[in-house]
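Protein chains in written order, with the working numbering: chain S, 1 to 150; chain Y, 151 to 300.
Quick notes on the structure that follows.
There are 2 protein chains.
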Amino acid sequence: MKLTKHTDYAFRVLIYLAGYEKDKLATIKEVTEVFDISRDHVMKIVQKLAKAGFVDAVRGKFGGMRLGRNAADINLRDVVTLMEVTLAPVNCETPLCRIAQGCQLQAILFDAQEMFLSHIGQYTLSDLVKPQSETLYIIKALGESFAAKN
Amino acid sequence: MKLTKHTDYAFRVLIYLAGYEKDKLATIKEVTEVFDISRDHVMKIVQKLAKAGFVDAVRGKFGGMRLGRNAADINLRDVVTLMEVTLAPVNCETPLCRIAQGCQLQAILFDAQEMFLSHIGQYTLSDLVKPQSETLYIIKALGESFAAKN
DNA sequence: TTAATAGCGGTATTATAAATGCATCTTTTG
DNA sequence: CAAAAGATGCATTTATAATACCGCTATTAA
């Protein structure tokens, strides 16, 4: 049930970017410092998000990243399925479970997983960073405090 | 999202016991051999199940175990919550996430988890081992083949 | 045309937690 | 009291997530 930190961090990055003015670029360094995660780690996550089109990464001096599409078009389910390597709740195949054939539990667990995912699928990034929200306020403050130091 | 093998194995043990005649005892050894899991491992799982009342463990010679209550009274959600140590999809507290305060994602993920659990909660062990089911047939066969060898 | 900035990507290492194994105990019955 | 069977604590191994390292490529300004 527990999601990996990759997924967790991916959400943090996306939320942070969603709080930025559209088209303004945030650097890896900024995200790294704001969330206190290692540069390399943020790098991997951003690359994955970039490949999936959730963020645009701009190389070179004055480069950085921004959302690759509108926050309202970034479905949270898609982020989870992108970041999580193993989603299956159980592995009945290797090694093969002696009672796998005809086992009713598999279907129940997979349906439950689908319930989990489809609930998340009801939301987009824009639901996490609403106009007057506390989250937006906090992000702005973090961004400003970073800008002041640099 | 992935459940631990402890949970997986707990289900296998319960399913196996549910296929037994009521009050007839199965030994750890039998479960061990039938599912090809180590004795020590099965032990741990059975002990946890016993403490929760899902199985009755009978010590001493001619001991063994049986279901601690009717299969229809063993809710699958309770089994999962018993066996899984960490159910929380994310940990926003340690270390504290900079945007935890007012974060909408937490609620969404926890609600999704609740969706997962409540779907499982709609079923009991009796749904996994129905009277004419393939599962019951397989269990019986496995039990007989074990008995023949011992 | 080079220095500085910033993202890319493969590989290696470390940390954590799950999975497993070991040793020794108690309980029950013939 | 011996054999069978479960109880329990601790140690070890393994898997995988998390992190770090290193050299690369792209872009821009002096």
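We treat Cβ as the ideally placed atom computed from N, Cα and C, and that holds for glycine.
Taking Val259(Y) as the reference, give the member of Gln106(S), Gln113(S), Asn70(S) and Arg66(S) with the closest Cα. Taking the first residue of the second sequence as position 1, residue 259(Y) is located at position 109. Per the sequence presented here, residue 259(Y) reads as Leu, with Val not at that position. With distances taken between CA atoms, Leu259(Y) lies nearest to Gln113(S) out of Gln106(S), Gln113(S), Asn70(S) and Arg66(S).
Indicate the three-state DSSP secondary structure (helix, strand or coil) for Val90(S) in the structure shown. Looking up residue 90(S) in the first sequence gives position 90. Note: Val90(S) maps to coil in three-state DSSP.
Tell me whether the beta-carbon of Gly102(S) lies closer than 7 Å to the beta-carbon of Thr285(Y). What you label residue 102(S) is simply residue 102 of the first sequence in a count that begins at 1. What you label residue 285(Y) is simply residue 135 of the second sequence in a count that begins at 1. Against a cut-off of 7 Å, the Cβ pair of Thr285(Y) and Gly102(S) comes out as a contact.
Opening and closing residue of the beta strand (DSSP E) in which Val205(Y) lies: As a position in the second sequence, residue 205(Y) is number 55, starting the count at 1. Residue range Val205 to Val208 is occupied by the beta strand (DSSP E) that includes Val205(Y).
Determine whether the Cβ of Leu17(S) lies closer than 7 Å to any Cβ atom of chain Y. Along the first sequence, one-based indexing puts residue 17(S) at 17. Judged by the 7 Å Cβ criterion, Leu17(S) is not in contact with chain Y.
Short check: CB of Leu278(Y) to CB of Gln104(S), under 7 Å? Along the second sequence, read from residue 1 onward, the residue named residue 278(Y) stands at position 128. Along the first sequence, read from residue 1 onward, the residue named residue 104(S) stands at position 104. Yes, the Cβ-Cβ distance between Leu278(Y) and Gln104(S) is below 7 Å.
Residues of chain Y with CB closer than 9 Å to the CB of Gln101(S), please, in chain order. One-based indexing of the first sequence puts residue 101(S) at position 101. Those within 9 Å of Gln101(S) in chain Y are Glu284, Thr285 and Ile288.
According to DSSP, is Gly102(S) part of a helix, a strand, or is it coil? By one-based count along the first sequence, residue 102(S) stands at place 102. Reduced to three states, the DSSP call for Gly102(S) is coil.
Could you tell me whether any Cβ in chain S is nearer than 7 Å to the Cβ of Val240(Y)? Sequence index remark: in the second sequence, residue 240(Y) carries index 90 (1-based). The beta carbon of Val240(Y) falls within 7 Å of a beta carbon belonging to chain S, placing the residue at that interface.
Counting only beta-carbon atoms, is Thr177(Y) nearer than 7 Å to chain S? Position 27 of the second sequence, counted from the first residue, corresponds to residue 177(Y). Thr177(Y) has a beta carbon lying at 7 Å or more from every beta carbon in chain S.
Spatial neighbours of Gln179(Y) in its chain, beta-carbon cut-off 8 Å, leaving aside the 5 residues before and after: As a working note, residue 179(Y) is residue 29 in the second sequence. Contrary to the premise, residue 179(Y) reads as Lys rather than Gln in this sequence. Within the same chain, Lys179(Y) has close Cβ partners Arg189.
Between the alpha carbons of Leu125(S) and Gly143(S), how many angstroms are there, rounded? Taking the first residue of the first sequence as position 1, residue 125(S) is located at position 125. Taking the first residue of the first sequence as position 1, residue 143(S) is located at position 143. Distance from the CA atom of Leu125(S) to the CA atom of Gly143(S), rounded to whole angstroms, is 18 Å.
Taking the alpha-carbon of Lys299(Y) as reference, which of Ala207(Y), Val184(Y), Arg162(Y) and Leu167(Y) has the nearest alpha-carbon? For this step, residue 299(Y) is matched to residue 149 along the second sequence. For the set Ala207(Y), Val184(Y), Arg162(Y) and Leu167(Y), the Cα lying nearest the Cα of Lys299(Y) is the one of Val184(Y).
Starting from the Cα of Met43(S), find the closest Cα among Tyr9(S), Gly53(S), Leu25(S) and Leu96(S) and give me that residue. Position 43 of the first sequence, counted from the first residue, corresponds to residue 43(S). Nearest neighbour of Met43(S) by Cα position, chosen from Tyr9(S), Gly53(S), Leu25(S) and Leu96(S), turns out to be Tyr9(S).
C-alpha distance - Gly214(Y) paired with Asp111(S), whole-angstrom precision: If you number the second sequence from 1, residue 214(Y) lands on position 64. If you number the first sequence from 1, residue 111(S) lands on position 111. C-alpha separation (whole angstroms): 34 Å.
Exposed or buried, Gly53(S), counting other C-beta atoms within 10 Å across all chains shown (16 or more means buried)? Taking the first sequence and counting its residues from 1, one reaches residue 53(S) at position 53. In summary, Gly53(S) is exposed, with fewer than 16 beta-carbon neighbours lying within 10 Å of its beta-carbon over all protein chains present.
Using the beta-carbon count (16 or more within 10 Å), is Thr157(Y) buried or exposed? Residue 157(Y) sits at position 7 when you count from the first residue of the second sequence. So Thr157(Y) counts as buried.
Give a yes or no on whether 7 Å exceeds the smallest Cβ distance from Lys83(S) to chain Y. The residue labelled residue 83(S) in the question sits at position 83 within the first sequence. The sequence given here has Met at residue 83(S), not Lys. So no, Met83(S) is outside the interface.
Can you pull the chain Y neighbours of Leu142(S), defined as C-beta to C-beta under 9 Å? As a working mapping, residue 142(S) is identified with position 142 in the first sequence. The answer, in chain order, is Arg248 and Ile249.
Arg66(S): first and last residue of the uninterrupted beta strand (DSSP E) it sits in: By one-based count along the first sequence, residue 66(S) stands at place 66. Here the beta strand (DSSP E) through Arg66(S) covers Gly64 to Leu67.
I'd like the list of long-range same chain contacts for Arg69(S), defined as Cβ closer than 8 Å, with 5 residues on each side in sequence excluded. Position 69 of the first sequence, counted from the start, is the residue given in the question as residue 69(S). Cβ neighbours of Arg69(S) beyond the five flanking positions: Gly53 and Phe54.
Assuming Met1(S) is part of the alpha helix (DSSP H), what are its boundary residues? Counting from one through the first sequence, the residue named residue 1(S) turns up at place 1. Looking at the DSSP string, Met1(S) is not in any alpha helix (DSSP H), and its letter there is neither H nor E.
Nonlocal neighbours in the same chain, by C-beta distance under 8 Å from Gly169(Y), ignoring five residues either side: Stepping through the second sequence from its first residue, residue 169(Y) is reached at position 19. Within the same chain, and ignoring the five residues on either side of Gly169(Y) in sequence, the residues whose Cβ sits closer than 8 Å to its Cβ are Val279, Thr285, Leu286, Ile289, Lys290 and Gly293.
Using the beta-carbon count (16 or more within 10 Å), is Phe72(S) buried or exposed? Here the question's residue 72(S) lines up with position 72 in the first sequence. Sequence inspection shows Ala at residue 72(S); the Phe mentioned does not correspond to that position. That one is exposed.
If the criterion is Cβ atoms closer than 7 Å, does the pair Lys172(Y) and Thr86(S) meet it? To locate residue 172(Y), count along the second sequence from 1; it is residue 22. To locate residue 86(S), count along the first sequence from 1; it is residue 86. Taking 7 Å as the cut-off, the beta carbon of Lys172(Y) is found no closer than this to the beta carbon of Thr86(S).
Pull up the distance between the alpha-carbon of Ser145(S) and that of Val229(Y), whole angstroms please. As a first step, residue 145(S) is located in the first sequence; it is residue number 145 there, counting from the start. As a first step, residue 229(Y) is located in the second sequence; it is residue number 79 there, counting from the start. Taking the straight line from one Cα to the other gives about 48 Å.
Going by DSSP in three states, Ala18(S) sits in which element: helix, strand or coil? Position 18 of the first sequence, counting from 1, holds the residue named residue 18(S). Helix at Ala18(S).
Beta-carbon gap between Arg216(Y) and Ile270(Y) smaller than 7 Å: Along the second sequence, one-based indexing puts residue 216(Y) at 66. Along the second sequence, one-based indexing puts residue 270(Y) at 120. Against a cut-off of 7 Å, the Cβ pair of Ile270(Y) and Arg216(Y) comes out as no contact.
Between the CA atoms of His41(S) and Met83(S) - distance to the nearest angstrom: By 1-based counting over the first sequence, the position of residue 83(S) is 83. By 1-based counting over the first sequence, the position of residue 41(S) is 41. Rounded to whole angstroms, Met83(S) and His41(S) show a C-alpha spacing of 13 Å.
Listing by chain order, which chain Y residues have their CB less than 8 Å from the CB of Ile120(S)? Position 120 of the first sequence, counting from 1, holds the residue named residue 120(S). Within chain Y, the residues near Ile120(S) are Ile258, Leu259 and Ala262.
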